[in-house]
Amino acid sequence: MVSKPYQWTDGATLEEHSKRKHKILREYFRQYILVRCQMPKQTKFRLAIVDGFAGAGRYNCGSPGSPIIFIEVLAATLNEINLRKASEGLPTVEIECFLQLNDFEPQVVELLKENIAPIIAGSKETCQKLSLIVEYSSGKFEDLYPKFASRIHDGRFRNIIYNLDQCGHTHVERTTLDKIMKSENSVEIFYTYAIQALITYLDKSDPQAVQRKYQHLHIDPDQFNFLDEKLGNQEWMGAAEKLVFDHFQECAPFVSPFSINNPDGWRYWFLHFARSHRARQVYNVILHENSSQQAHFGRSGLRMLAYNPEHESGSLYLFDQTARDSAKEQLMDDIPKLISENGDNITAEDFYLSIYNETPAHKDDIHQAIMDNPDLEVMTSNGGERRKAHTIKSEDTIHLKRQRSFTWK
Ligand SMILES: C[S@@+](CC[C@H](N)C(=O)[O-])C[C@H]1O[C@@H](n2cnc3c(N)ncnc32)[C@H](O)[C@@H]1O
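Residue numbers (this note's numbering): 5 to 413.
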């Protein structure tokens with residue numbers, strides 16, 4: 005099934021799977037604002053958002069699209085933060101947000117301007133601490149990306165979010181993702197990628213045709229050796245999908261390839277690229293709170309993407325209680341193994357840095373698996389021992405005890 009172009013001018017239908025994607029975007033963005041404005045003495049936060057495939061902002065059911073979601077969340081979260089700060093006698097915080105809204109279709113952008121005008125006006129009334137600079141453009145995201153990047157650069161914005169909600173899988177170049185992720189330290193991308201549209205018609209007996217289908221990703225030809233024709237169909241498809249996973253993983257230190265099932269259409273990924281493990285930690289929590297809505301292919305535990313489809317059968321991590329229980333078991337083995345590979349201790353910060361590109365696990369499960377493990381102890385920076393999972397901090401050190409049970413070896 006090939007995705008239909010959006011018919012905004014006749015009223016676009018918001019499908020169930022897009023609702024789920026919006027829910028994740030909304031919840032993650034709220035957490036993002038809360039985290040970025042959490043310093044007690046902070047009075048200002050500056051942010052640039054590029055919604056490169058913005059759409060018209062409203063669906064025929066009345067639900068908002070991504071441009072409106074960004075503004076609604078900004079205003080509501082900022083009010084929530086300032087109410088709390090005022091009650092604690094702390095200075096309030098102001099957000100300056102540059103919002104670049106782009107869609108290929110000029111008439112869609114015109115409709116977006118109409119739909120968003122009351123939201124911008126409303127946010128000015130209800131949230132005086134929010135200062136929005138909204139600019140509109142119409143064209144192919146790829147053609148306009150250099151302009152967006154220099155606008156952000158000239159505006160000296162250091163915190164940047166790109167929402168690249170394409171239909172399909174070919175409208176954003178891998179090189180552009182690389183450039184975005186290298187542009188600033190605090191940059192994140194949400195990227196929709198129709199993985200099934202890519203892999204469904206691959207003919208495993210025709211390696212050259214397979215490589216042509218992957219052309220837009222600019223993958224090194226040697227990496228296709230992994231796609232061995234002798235693999236069974238299921239394993240071969242798993243390997244074809246993993247090739248794309250691995251490839252995107254090179255774009256950023258933290259990439260989460262989460263699948264959203266579209267029951268009436270094709271499965272796609274809602275990828276999140278980040279440079280900070282904290283961003284990924286927050287994203288994993290949001291995905292657990294939306295457990296029925298997406299899956300992550302691979303094994304559970306820390307190195308979920310390290311599975312080899314030739315030797316292990318991958319399974320779906322469904323973010324539900326059963327998946328969490330089996331992840332906890334796996335974590336009991338994986339964590340001491342990882343620490344022993346490092347020597348006999350590791351700071352919690354370095355531990356997070358090394359795991360968060362590969363694990364969908366909830367931070368509470370990771371912390372509990374550390375506390376429950378008889379071979380591990382966590383020391384605070386003052387040399388005291390931590391006893392409660394939820395109090396573990398980045399500055400702590402995780403130690404392997406001298407006397408070990410070795411059940412995980
Ligand atoms: C999935 S919809 C966007 C939905 C929107 N983000 C939301 O949350 O409501 C994809 C949009 O991308 C636009 N589009 C298609 N190709 C494009 C391109 N190369 N560059 C920019 N926009 C494009 C389409 O007109 C369509 O409105």
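Glycine included, every Cβ here is placed at the ideal spot set by N, Cα and C.
Nothing here was measured: the structure is a model prediction, and the numbers come from that model.
Burial state of residue 390, where buried means 16 or more other Cβ atoms lie within 10 Å | Buried, because 16 or more other Cβ atoms sit within 10 Å of the Cβ of residue 390.
Going by C-alpha distance, which of 214, 238, 56, 351 is nearest residue 227?
-> It is 214.
Three-state secondary structure assigned by DSSP to residue 32 = The three-state reading of DSSP puts residue 32 in helix, counting H, G and I together.
Three-state class that DSSP yields for residue 312 in the structure shown = A caution first: residue 312 carries a pLDDT of 48, below 50, which makes its placement in the model unreliable, though a value can still be read off. Looking at residue 312 - three-state DSSP - the assignment turns out to be coil, as it is neither helix nor strand.
Smallest Cα separation from residue 279: which of 246, 193, 330?
-> Nearest C-alpha to residue 279: 193.
Determine the DSSP secondary structure at residue 68, reduced to helix, strand or coil.
-> If DSSP states are grouped into helix, strand and coil, residue 68 belongs with the strands.
In the structure shown, what three-state DSSP assignment does residue 403 receive?
-> Note: residue 403 maps to strand in three-state DSSP.
Compute every distance between the C-beta of residue 125 and the non-hydrogen atoms of ligand 1, then say whether any falls below 7 angstroms.
-> For ligand 1, not one heavy atom lies less than 7 angstroms from the Cβ of residue 125.
Run the proximity test for residue 173: is its beta-carbon closer than 7 angstroms to any non-hydrogen atom belonging to ligand 1?
-> No; taking the cut-off as 7 angstroms, the Cβ of residue 173 has no heavy atom of ligand 1 nearer than that.
Where does residue 229 land, buried or exposed, given buried means 16+ other C-beta within 10 angstroms?
-> By the 10 Å Cβ count, residue 229 comes out exposed.
For residue 273, three-class secondary structure by DSSP | When DSSP states are grouped into helix, strand and coil, residue 273 belongs to the strand group.
Could you have a look at residue 414 and say whether DSSP puts it in helix, strand or coil?
-> A question about residue 414 goes unanswered here, because the residues of the chain that appear run from 5 up to 413.
Could you give the DSSP three-state label for residue 17: helix, strand or coil?
-> In the three-state reduction of the DSSP assignment, residue 17 falls in the coil class, being assigned neither a helical nor a strand state.
Just mark residue 399 as buried or exposed, buried being the case when its beta carbon has 16 or more other beta carbons within 10 Å.
-> Under this definition residue 399 is an exposed residue.
What does residue 163 pair with, by DSSP beta-bridge criteria?
-> Beta-bridge pairing links residue 163 to 190.
Confirm the yes/no value for this check: CB of residue 214, any heavy atom of ligand 1, distance under 7 angstroms.
-> Checking the Cβ of residue 214 against ligand 1 gives no.
Secondary structure, beta strand (DSSP E): runs of 3+ residues fully inside the segment 367-400 | Listed in chain order, they are 380-383.
Own chain partners of residue 370 with C-beta closer than 7 angstroms, once the 5 adjacent residues on each side are dropped | Correct list, in chain order: 335.
How about residue 220 and residue 254: do their beta carbons lie closer than 8 angstroms?
-> Not a contact, by the Cβ cut-off of 8 angstroms.
Residue burial classification, residue 416 (beta-carbon count within 10 angstroms, cutoff 16) | There is simply no residue 416 to check, as the chain begins at 5 and stops at 413 in what is shown.
Please find out if some non-hydrogen atom of ligand 1 comes closer than 7 angstroms to the beta-carbon of residue 10.
-> Within the cutoff, so yes.
Three-state class that DSSP yields for residue 83 in the structure shown = Reduced to three states, the DSSP call for residue 83 is helix.
Under a three-way DSSP split, which group does residue 54 fall into?
-> Residue 54 falls in the strand class under three-state DSSP.
If residue 233 and residue 209 are in contact, beta carbons under 8 angstroms, what's the gap, nearest whole angstrom?
-> 6 angstroms between Cβ atoms; contact.
Touching or not, the segment 132-147 and the segment 105-121, by the rule of three or more beta carbon pairs under 8 angstroms?
-> Yes, the segment 132-147 touches the segment 105-121.
In chain order, what residues of the same chain lie with their CB nearer than 6 angstroms to the CB of residue 18, ignoring the 5 residues before and after it?
-> Scanning its chain for C-beta atoms nearer than 6 angstroms, with the 5 sequence neighbours on each side dropped, one finds around residue 18 the residues 63, 65, 67, in chain order.
Do residue 145 and ligand 1 come close, with the Cβ less than 7 angstroms from some heavy atom?
-> For residue 145, the shortest separation between its Cβ and any heavy atom of ligand 1 lies below 7 angstroms.
Does at least one heavy atom of ligand 1 sit under 7 angstroms from the Cβ of residue 107?
-> Yes.
Would DSSP call residue 433 helix, strand or coil?
-> Residue 433 cannot be examined here, being either before or after the span of the chain that is shown, 5 to 413.
Would you check whether ligand 1 has a heavy atom nearer than 7 angstroms to the C-beta of residue 26?
-> Yes, the Cβ of residue 26 comes within 7 angstroms of a heavy atom of ligand 1.
Return yes when the Cβ of residue 403 is within less than 8 angstroms of the Cβ of residue 349, no when it is not.
-> Closer than 8 angstroms, so yes.
Any chance the segment 72-86 sits against the segment 30-40, with 3 or more Cβ pairs inside 8 angstroms?
-> Touching, yes.
Using CA coordinates, which residue listed in 380, 276, 202 is at the minimum distance from residue 343?
-> When 380, 276, 202 are compared, the shortest CA-CA separation from residue 343 is found for 380.
For residue 175, does the count of other Cβ atoms within 10 angstroms reach 16, so buried, or fall short, so exposed?
-> By the Cβ-count criterion, residue 175 is buried, with 16 or more other Cβ atoms from all chains shown falling within 10 Å of its own Cβ.
Supposed close pair residue 101, residue 164 - CB separation, criterion 8 angstroms = 11 angstroms between Cβ atoms; not a contact.
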